[in-house]
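In terms of full-length UniProt numbering, the sequence shown opens at residue 1 and continues consecutively.
Let me begin by presenting the structure, written as C-alpha cells, before commenting on it.
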Amino acid sequence: MSIRATAGDTDGALSVVEQRAVRGYSTPPHVHSREDETLVVLAGELSYLVDGREGVLRAGESAFLPRHKPHRFAVISEEAHFLVLITPGGFEEMFQIVSSPAAENRLPGGDAHAHTDPAVMAAESAARGTTVFRDDPVERSRHLANLASGHAVLDSYRRLGELIAGPGPTPDDVVDGLVVAAKRIPEDPAHARALILLGVLSTSCHDAVTARLPEILAVVGSPNAEPVTLALDYLEAQLRGDDSAAALGTKADNVVEPGENSVLAPEVEDDYLRTHLTAADVPLLDLATGRWTQTLVDHVGQVLTLDGVDSPPGVLPFATGSLGAVNCSHALELLPSPREVLREVARCLRPGGVFTAVTARRSDRPTARFFQRQYEEASGVRSFTPTELTTWLGAAGLDLVDLRSPAGMLLLTARRSA
C-alpha cells in the first residue's frame, strides 16, 4: 500500500491510496459516515459488495462506494493493482496508523503478509466516523433466518459466534434473531446455543439482552435437557450482580447467600456454633465428630460424641428428652436416612433443646448442580434444599430458628417444640 496523495496535499478534497495485493486480500464490511470511496482497477480483478449489491471489477473498471452504504471488496485474481480514491480526504490516516511499514517495495508473499489487529482497526475507524462490521449484513441475515427455520443450525451458530467474538458493534438484529432461536428450545434443545451467545452479548449489549430475558424464560421454563440448563446457568453467570439475574433462579427468602463458589471458612462455622449454643445447652451430643468438636468442648464444656450407630439403623442410644442440644456438622449429607435421623434428634431433645447443623446445600445454578450431582453419585453423599430441610424439621417437631447459606453450605438452628 502506498499513499500517493493525502488530505494535506489536496486541501482536504481527496486522498489517493495505491494498493498491490494477492488473492485473499479483503476488507472487512464497513460503512463510512464522512467520505465516499471509488475503486479503480489497474490490473487483476476485484469483487465488491455495496449495500447488498455484488459486482466484479476488471482492469480499467471502477466502482463507486458511497458513504452511509455498507461495502467491502476483495482480490479474486492471483494479483491485483488498484487505486482507492477517498473523497473528502483524511481517512488515509487510519491506514498509516494500523499498517506496518513495508520492508521492501514488492508484493508480500504468503506468510510475509503483515496482519492488522482487527480491534485496533475497528477503534481507529470508529474515531474517524467509520463503522467496521464483524460480518456481512446479507450473510448475517441468512444465518439468522436459518436459526428461525431450523435449517443448517449448527453452521449458522458457528458463524454467528465468530461474528459476536470479533471487533466492532453487534447489529441489533442479532439479539432479535437469537431470542427467536431461544424460543425454539422446547422443540429442539440444540438452540441452547442461543442462550450461550446471548450470554456473550450481554457484556456489550446488556440492555438489549436483559430486556428480552422475561420472554425467553416464559418459553423455556424449567428445562429438563442438560445442555439447556448449562446454557441458562452461563447466561445467569454473565448477568450476575444485575437485578435481571434474579429471574433465572429463586432463592429462599430466609437464606443468606454471599457466595456459592467460595469456601466456608472454619472460623465462620465455629462462630455460628458459638452463637447458637450456650453452656446451658447440656448435655450436648456431637453427632459425628470432627475439627469442630474441640470448639464445642471449649465453648460448652461438656460434649458427648457419637460417630455411628450399628443397630438399629438411625436410632440414637439416648433416652427421650435426655439431651439439651445436638450438633450435626458435615454428617447429615452422609446419612442414609437423614429424615429419620431428624426425628430421632427431636425425640432425644428435651423441650426447648437446640439442634444445630452444617450441611451441603443443593445448588440451584444448573452448571454447579451438574457437577455437584456427579460428585454425589460418585461419593454416595447428598445435598439439601432449604425448603426440604425446613419441611423435615417441622415434621419432626423442630422449629426453625435460623437458616443461612454461606459458600454453598447450609447452617441451621432449630429448637424442640415445647
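Idealized CB from N, CA, C, for every residue including glycine.
When the alpha-carbon of residue 383 is set against those of 394, 399, 409 and 397, the nearest one is in 409.
Apart from sequence neighbours up to five positions away, the residues of its chain that approach residue 304 with a beta-carbon distance below 6 angstroms are 283 and 285, ordered along the chain. In its chain, beyond the 5 residues on either side, 31 and 33 have a beta carbon closer than 7 angstroms to the beta carbon of residue 68.
By alpha-carbon distance to residue 58, the top candidate from 390, 82 and 346 is 82. Runs of the alpha helix (DSSP H) lying entirely within the segment 168 to 192 and spanning at least 4 residues, in chain order: 172 to 182. Secondary structure note for residue 402: its beta strand (DSSP E) is the uninterrupted segment 398 to 404.
The beta carbon of residue 365 is closer than 6 angstroms to those of 233 in its chain, skipping five residues each way along the sequence. The alpha-carbon of residue 276 is positioned some 44 angstroms away from that of residue 195. The shortest C-alpha to C-alpha distance from residue 273 to any of 345, 237 and 292 is the one to 292. With a contact defined as Cβ atoms closer than 8 angstroms, residue 349 and residue 326 qualify at about 6 angstroms. The residue from 77, 85, 11 and 35 with its alpha-carbon nearest to that of residue 26 is 77. Contact between residue 198 and residue 235 holds, with the beta-carbon distance rounding to 6 angstroms and staying under 8 angstroms. Here residue 391 has no same chain residue with a Cβ atom under 6 angstroms from its own Cβ, once five neighbours each way along the sequence are excluded.
Beta-bridge annotation (DSSP): residue 37 is paired with 65 and 86.
In the DSSP assignment, residue 216 falls within the unbroken alpha helix (DSSP H) covering 206 to 220.
Residue 325: not part of any alpha helix (DSSP H); member of the beta strand (DSSP E) spanning 323 to 329, first to last residue. Around residue 29, the same chain offers 70, 72, 133 and 136 as residues with beta carbons nearer than 6 angstroms, after the five sequence neighbours per side are excluded. In the assembly as shown, residue 238 is a buried residue. Its beta-carbon has 16 or more other beta-carbons within 10 Å. Taking 8 angstroms as the upper bound for CB-CB distance, residue 39 and residue 84 are in contact here, some 6 angstroms apart. For residue 78, no alpha helix (DSSP H) segment is defined, and its DSSP state is neither H nor E.
Excluding five sequence positions before and after residue 186, none of the CB atoms of its chain fall closer than 6 angstroms to its own CB. Separation of residue 214 and residue 221 (C-alpha to C-alpha, rounded to the nearest whole angstrom) is 10 angstroms. In this structure, the CA atom of residue 179 is about 16 angstroms from the CA atom of residue 142. Taking every protein chain shown into account, the CB of residue 163 has 16 or more other CB atoms within 10 angstroms, so this residue is buried. For residue 189, the CB contacts under 6 angstroms within the same chain, skipping 5 residues up- and downstream, are 225, 227 and 228 in chain order. Residue 296 and residue 318 have their alpha carbons spaced roughly 20 angstroms apart. For residue 2, the enclosing beta strand (DSSP E) has its first and last residue at 2 to 5. CA-CA distance, residue 322 to residue 341, rounds to 16 angstroms.
Nearest to residue 201 by C-alpha distance, out of 184, 230 and 161, is 161. Going by C-alpha positions, residue 269 is about 13 angstroms away from residue 360. Residue 125 and residue 35 have their C-alpha atoms spaced approximately 12 angstroms apart. The criterion of a C-beta distance shorter than 9 angstroms is satisfied by residue 414 and residue 393. Under DSSP, residue 416 takes part in a beta bridge, and its partners are 398.
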